[in-house]
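**Q**
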Amino acid sequence: MHKSLIFYITISLVLISSAANPAEIKEEDKNEDGKTDLWIYYDDKRPIKIESDRNYDGNIDLRITYEEKGKKHIETDLNFDGTPDMHSYYEYGQRTKFEIDVDYDGTIDQRSQYRDGRVIKLERDTDSDGKLETIFDISDRQRNTIERIEINK
Ligand SMILES: [Ca+2]
Ligand SMILES: [Ca+2]
Ligand SMILES: [Ca+2]
Ligand SMILES: [Ca+2]
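Letter by letter, the sequence shown follows residues 104 to 256 in the working numbering.
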């Protein structure tokens, strides 16, 4: 195929996709210092992403991403160093996974996985070697069995 034709097709596709999804961004200046600190991205009136600068230092420290099937991902930079330290994942309003970097070294120290609002798997870096150890894992068990298990041994 001719290079110019490929180029033309690419451009056409870009134009079509941008016309079909007019990205709309709502910006807010919460502390009224003249700089935007809250961004809400819409796709066809539906919010798809929220970004926030909670300590007003110019860096985004909270990001919420909305995906298909009611999925939601919340990233939080707890110590405002530019790297997210906490991740929460939701599906249809229920939390499915939670990860946290407690010592802010860039590696996750604890991960919990949920089913029907209950923790079914817990991993923690108990010996601080950078790898998570499984504390318990009842993800393969049936729901009625889980309800009878005591998590705090
Ligand atoms: Ca501001
Ligand atoms: Ca910030
Ligand atoms: Ca951080
Ligand atoms: Ca860590």
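Where is the CB? At the ideal position from N, CA and C, for every residue including glycine.
Span of the beta strand (DSSP E) holding Ile151?
**A** In the sequence shown, counting from the first residue as 1, residue 151 sits at position 48. It spans Arg149 to Ser155 - the beta strand (DSSP E) in which Ile151 sits, taken as one unbroken run.
**Q** Would Ile167 and Ile153 be called neighbours here (beta carbons separated by less than 8 angstroms)?
**A** Counting from one through the sequence shown, the residue named residue 167 turns up at place 64. Counting from one through the sequence shown, the residue named residue 153 turns up at place 50. A contact, by the Cβ cut-off of 8 angstroms.
**Q** Spatial neighbours of Lys129 within its chain, please: C-beta separation below 6 angstroms, excluding the five flanking residues on both sides.
**A** Locating residue 129 in the sequence shown gives position 26, counting from the first residue. The residues are Ile143.
**Q** Go ahead and label Tyr193 buried or exposed: buried means 16 or more other beta carbons lie within 10 angstroms of its beta carbon, across all protein chains shown.
**A** Counted from its first residue, the sequence shown places residue 193 at position 90. Tyr193 is buried by the Cβ-count criterion.
**Q** My output table needs one value for Glu226: the three-state DSSP class, helix, strand or coil.
**A** In the sequence shown, counting from the first residue as 1, residue 226 sits at position 123. Here Glu226 sits in strand by DSSP.
**Q** If you draw a straight line from the alpha carbon of Ile223 to that of Lys138, how long is it in whole angstroms?
**A** One-based indexing of the sequence shown puts residue 223 at position 120. One-based indexing of the sequence shown puts residue 138 at position 35. Their backbone Cα atoms lie some 43 angstroms apart in a straight line.
**Q** For the beta strand (DSSP E) holding Lys129, just list the boundary residues, first then last.
**A** Here residue 129 refers to the residue found at position 26 when the sequence shown is read from its first residue. Counting along the chain, the unbroken beta strand (DSSP E) around Lys129 starts and ends at Ala126 to Glu131.
**Q** Please state whether DSSP places Lys200 in a helix, a strand or coil.
**A** Stepping through the sequence shown from its first residue, residue 200 is reached at position 97. Strand.
**Q** So, with DSSP's three-state summary, where would you put Lys138?
**A** Counted from its first residue, the sequence shown places residue 138 at position 35. Taken through DSSP and simplified to helix, strand or coil, Lys138 comes out as coil.
**Q** For Asp188 and Glu178, I'd like the C-alpha separation in whole angstroms.
**A** Reading the sequence shown from its first residue, position 85 is the one you call residue 188. Reading the sequence shown from its first residue, position 75 is the one you call residue 178. Between Asp188 and Glu178, the C-alpha separation is close to 7 angstroms.
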